Amino acid sequence: MNRFTRWMTAKELGELTGYTAQTISGWARKYGWKRIPLKGRKGGAQLILITQQVYDYFLSTDKLRYSAHLYRRVEENDAPYVTWDNEMMAQFIRTLEMLNPQEQARLSELINEEGTAGLVKRLGLSDEK
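The sequence shown begins at 1 in UniProt numbering and counts up one residue at a time.
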């Protein structure tokens, strides 16, 4: 089964739906879909928020209209929303959400084993010389 996740790039949507990333980016601009820049990516890649409006739009397209039953939207669990005033924190959370379960488990294991200081050191961010 194909899945729409909460945030997806135009390229990911293209791979899922059969449309080009350029077409999807054009739709996002034309219909005012919520987008956020994906820092660290060349070419101005952006994440698109998959709202019910976006999901319904894709299912109404020629390529998906007759196969809508094969696509489902990954629904969020009921959880309180947390907003971040710090853009770096929000970016870090978005990055963590993009990791697959194995990568998340390994990162968690690394933090448990080495702590935050060890992680910072491995990333080359510590001030120690």
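All residues carry an ideal CB built from backbone N, CA and C; glycine is no exception.
Owing to the predicted nature of the structure, the values given are computational and were not obtained by experimental measurement.
In this structure I48 is buried. Its beta-carbon is surrounded by 16 or more other beta-carbon atoms within 10 angstroms. By alpha-carbon distance to L64, the top candidate from G18, R35, A10 and K42 is G18.
Where T51 is concerned, there is no enclosing alpha helix (DSSP H), because DSSP gives it neither an H nor an E.
In the DSSP assignment, R106 falls within the unbroken alpha helix (DSSP H) covering P101 to R122. When C-alpha distances from A10 are compared across A45, I111, L123 and L99, the shortest belongs to A45.
Within the same chain, W33 come within 6 Å of V54 by CB-CB distance, once the 5 residues on both sides are set aside. Annotation for R35: the continuous beta strand (DSSP E) segment containing it runs R35 to P37. In this structure, G14 lies near T20, with their beta-carbon atoms less than 8 Å apart.
With contacts defined by Cβ atoms closer than 8 Å, L96 and Q104 form a contacting pair. Distance from the Cα of M8 is smallest, within the candidate group Y57, Y31, L38 and R106, for L38.
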